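Data block below; observations after.
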Ligand code: B12
Ligand code: SF4
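Residue numbers (my numbering): 1170 to 1448.
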């Protein structure tokens, strides 16, 4: 089967300044799940096409037009683009599937334009969708969010597409999307993750990814997409600090400050900055 995966990261650019911004920054906002979907489809033996749209170039030309199945991921602000594209693919006889933040927030609305709407997913659910085991008109959800994110090595073709210029050249913002955990222990009533239980992903895989990046993509930034990185701050930092300095690429993460302030390691580091230890 010919399977396409498109991650829509922006509305079209309207002036030069935003074109430059999208080219340098928005390009690096690629989500982690569409990359996992691409790997899962490849593992199942499908011919897989993965692309992102970051507001520059022709949206319609990001993927081939003769696909059997197309997965589109979008946040709500960019959803009109996803809807328009779904109409074109539907007309061409392609099975259309939407996942990501917009699908999670407005599944019923998505059904107006897409055959299948995915809330949470894992490898098994994606395999069933591609195999045609899910009826059109369905909103589907795996029992839990996935906890087996494909490694950086497996995602390398997708990472080259998003992090590099023309799949070849790295630049100062080149970023690999990562996850050390999924879900969140809190339940803020405005957040899509309120009902998603917190789970740490396998730490040995995280260490292997750090080692691989240190060896093959030295200096590239690891961008953690964990909704709340700070929950197991010390355990994850233990993994990172157990690696030799050369295998520790720079990384970015986000966390609620209230959680972070309770982490001993974080306090130690900030304390060290404010008041250097006496020797
Ligand atoms: C990490 C993150 C970012 C990162 C990475 C963005 C990215 N492209 O992934 C950065 C900092 C760049 C970012 C930016 C923005 N973000 Co943000 N971000 C998040 C955050 C904290 C975690 C998302 C995540 O990766 N979780 C881990 C994955 C594994 O879980 P998940 O996203 O729930 O995905 C599950 C399902 O949705 C599904 N799935 C996800 N994608 C796909 C794709 C396919 C094809 C399929 C089939 C399934 C599927 O499978 C997953 C496992 O079950 C969420 C808040 C949250 N707590 O979820 C907000 C969130 C997604 N962001 C949001 C917003 C609004 C933005 C911005 C528009 C902010 C702004 N004004 O600029 C920008 C948009 C950037 C962009 N171009 O995408 C909103 C989206 C709301 C909506 N209805 O669209 C959220 C939900 C926050 C909120 N509560 O409002 N964000
Ligand atoms: S702490 Fe953040 S990720 Fe967790 S439920 Fe609240 S807003 Fe969502």
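The beta-carbon is built from N, C-alpha and C at its ideal position, and this holds for glycine as well.
Note that the structure is predicted; figures quoted are calculated from it, not measured.
Check: Helix, strand or coil at residue 1307 according to DSSP, with G and I counted as helix; Outcome: strand
Check: Candidates 1372, 1314, 1260, of which the one nearest residue 1411 by Cα; Outcome: 1372
Check: Cα-Cα separation, residue 1420 to residue 1326; Outcome: 21 Å
Check: Selected residue, minimal CA-CA separation from residue 1214, among 1171, 1235, 1251; Outcome: 1171
Check: Local conformation of residue 1448 per DSSP, three classes; Outcome: Unreliable placement is indicated for residue 1448, whose pLDDT of 31 sits below 50; no coordinate value is reported for it.
Check: C-alpha gap between residue 1443 and residue 1404, whole angstroms; Outcome: In this prediction, residue 1443 has a pLDDT of 43, which is less than 50 and means its spatial position is unreliable; nothing more can be read from the coordinates.
Check: Any heavy atom of the ligand SF4 nearer than 6 Å to the CB - residues listed; Outcome: 1353, 1355, 1356, 1357, 1360, 1362, 1363, 1396, 1397, 1425
Check: Start-to-end residues for the beta strand (DSSP E) that takes in residue 1190; Outcome: No beta strand (DSSP E) holds residue 1190; the alpha helix (DSSP H) holding it covers 1185-1193.
Check: beta-carbon residue 1413 near the ligand B12 non-hydrogen atom, thresh 7 Å; Outcome: no
Check: Residue burial classification, residue 1440 (beta-carbon count within 10 angstroms, cutoff 16); Outcome: Only weak support is given to the placement of residue 1440: the predicted model assigns it a pLDDT of 48, under 50, and the question is left unresolved by the model.
Check: Where the beta strand (DSSP E) containing residue 1175 begins and where it ends; Outcome: 1171-1177
Check: The ligand B12 heavy atom lying under 7 Å from the CB of residue 1171; Outcome: no
Check: Residue 1393 - partner residues in DSSP beta bridges; Outcome: 1347
Check: beta-carbon residue 1348 near the ligand B12 non-hydrogen atom, thresh 7 Å; Outcome: yes
Check: is_contact[residue 1338, chain B] using C-beta, thresh 8 Å; Outcome: No chain B appears in this structure, which consists of one protein chain only.
Check: 4 or more residues per run - each alpha helix (DSSP H) lying fully within the region 1406-1430; Outcome: 1426-1429
Check: When 1374, 1284, 1268, 1270 are compared against residue 1256, the one with the closest alpha-carbon; Outcome: 1284
Check: Under 8 Å between C-beta atoms of residue 1241 and residue 1254; Outcome: yes
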